[in-house]
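Quick note, my numbering runs 17 ahead of the 1-based positions in the sequence shown.
All remarks here apply to the structure that follows.
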Amino acid sequence: MKLEQENNLIAKIYDAALLPALWLDVIKDIVNYTKSKSAIFTGLDQLNPSYDFVYTHNIPNESLAAYQDDRIRVMDMKLHMPLWSDIEIGDTLSQNCQHYAEQPGTDQYVFYEKCLKPSGICYLAGVLLDRGSYRWAVLGIHRTPEVRPFEQAELDFLRRVSIHLRRALQIHRQINLIQQDNLSLYTVLDSLKTGIVLLDQNLCLSYSNPVAQKMLDQSSCLDLDMHNRLKIKHGQQIRLDQLLESALLEDATSQTEVGGVLALSNGTGRQFMLTVVPFKKLRNIQHLQSTQHQIALFMTDKNQHYSLSRAYLQQCYQLSKREYDLCELLINGYKIEDIAGQCGLTLSSVRTYFKNIYEKTHCCSQIELMHLLMGCAIHFEHID
């Protein structure tokens, strides 16, 4: 009987991957199978927020509302994140929280009063399904003090079904990408060799392509806070906020340049360039209709050399070889003064060249020219 129940549950897990509304039935079945009281199934990906989900069973709104409080979330991370950090993906843990109620004045007590007490929760068990710098997925089940603590049999069951839950999450992620609006836009952005992050009207990350995700994972210059807003670790946050606000509040009648470029450097001397532009100003990507995205932020590694398509620039904008060389130096982070020295030209000559380049490309500023050149540095990869 138990084996049949488990097999039926596994089948339902894969059904839920295709029809997310069924997750409520899945976690209810898990609660019944383990003779628990409540459950929460949650996943987040700060770099792809549209993937995020939370499904609960028998958890009162009071507890859920308390958990949304930033102070409580920080307490939860402080109390329980070390437990999850000590196990591998697919492993389980069990926790008796009964002593939380016996420690007035502590974080444990506050967490008990706000989250556990309204739910009548005492014993927690869970399985880790995903973990990364900006990713997290876990299934947790709970019992009341009157019921015995979780035993190894229940933990073994969670470990078995975790294999299928993780596969279902992979299916969910793929379907989520397919069902997004502007699929052609995301297909293009995913293929770029330049890191691109898109922000919404609240300056929260709404999309990032694989290159940007890798740079965020590896960089000590940039980070995301719990609200999915970009943070700079080296004292330039005010300047970044100014650039983002100017791009967000763009006024077609204003003479003030919107967006801009910000250079970052980590402790090892590695340099990154952030270029902030209004989303609608993106070039070379047609028919942008999304209202979800308001700002595009290009992330480039100054230690990586970017090559432009000479044939495209010559054919579309009639750039000369010299003009092409100047553009390639510009997109690789050289300043006007550096370009003059690199090419053996006077500063006046370089400015004249760029004036001609602006006219040929119909750009009004260096930032606008950078946008265009980034589009000309696109390389696509074959994906099996």
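The beta carbon of each residue, even a glycine, is placed where N, CA and C say it ideally should be.
No experiment lies behind these values; they were computed from the predicted model shown.
In this structure, DSSP gives residue 295 an extended state, which the three-state scheme calls strand. 9 Å or more divides the Cβ of residue 145 from the Cβ of residue 111.
Contact between residue 380 and residue 386 holds: their C-beta atoms lie close to 4 Å from each other, under 8 Å.
Between residue 168 and the set 188, 36 and 143, the nearest pair of CA atoms involves 143.
If you ignore the 5 residues before and after residue 234, its C-beta comes within less than 7 Å of the C-beta of 150, all in its own chain and listed in chain order. DSSP links residue 153 through a beta bridge to 61 and 148. Taking the C-beta atoms as reference points, residue 289 is found no nearer than 9 Å to residue 313. The alpha-carbon separation between residue 90 and residue 101 amounts to approximately 15 Å. Sequence-distant Cβ neighbours of residue 165 in its own chain, meaning closer than 6 Å and more than five residues away, do not exist here. Out of 186, 276 and 342, the CA that lies nearest to the CA of residue 361 is found in 342. For residue 359, the uninterrupted alpha helix (DSSP H) segment begins and ends at 353-360. Under DSSP, residue 56 takes part in a beta bridge, and its partners are 74 and 158.
Here residue 333 is exposed. Its C-beta has fewer than 16 other C-beta atoms within 10 Å. Take residue 186, set aside five residues on each side of it, and the residues of its chain with a beta-carbon closer than 7 Å to its own are 60, 146, 147 and 154, in chain order. Excluding residues up to 5 positions away in sequence, 50 lie with their Cβ nearer than 7 Å to the Cβ of residue 22 in the same chain. Counting along the chain, residue 248 sits inside the beta strand (DSSP E) bounded by residues 247-249. Of the residues 173, 114 and 281, the one whose Cα lies closest to the Cα of residue 253 is 281.
The C-beta of residue 71 has fewer than 16 other C-beta atoms within 10 Å across all chains shown, which makes the residue exposed.
Judged by beta-carbon spacing, residue 128 lies within the 9 Å limit of residue 96, meaning their Cβ atoms are closer than that value. Here the alpha carbons of residue 363 and residue 248 stand approximately 39 Å from one another. Rounded to the nearest angstrom, the gap between the Cα atoms of residue 76 and residue 104 is 26 Å. Excluding residues up to 5 positions away in sequence, 54, 55, 56, 74, 75 and 158 lie with their Cβ nearer than 8 Å to the Cβ of residue 48 in the same chain.
Following the DSSP letters along the chain, one finds residue 240 inside the beta strand (DSSP E) bounded by residues 239-241.
The beta carbon of residue 93 sits closer than 8 Å to those of 84, 128 and 132, all from its chain and outside the five residues before and after it, given in chain order. Checking the DSSP bridge columns, you'll see residue 337 has no partner listed.
Residue range 40-50 is occupied by the alpha helix (DSSP H) that includes residue 44.
Of the other Cβ atoms in all chains shown, fewer than 16 fall within 10 Å of the Cβ of residue 242; this residue is therefore exposed.
Look at residue 373 here: in three-state DSSP terms it is helix. The beta carbon of residue 206 sits closer than 7 Å to those of 213 and 226, all from its chain and outside the five residues before and after it, given in chain order. DSSP places residue 204 in the helix class (H, G or I) of the three-state scheme. Comparing C-alpha distances from residue 371 to each of 388, 358 and 347 shows the shortest one belongs to 347. When secondary structure is reduced to three states using DSSP, residue 36 falls in the coil class, being assigned neither helix nor strand.
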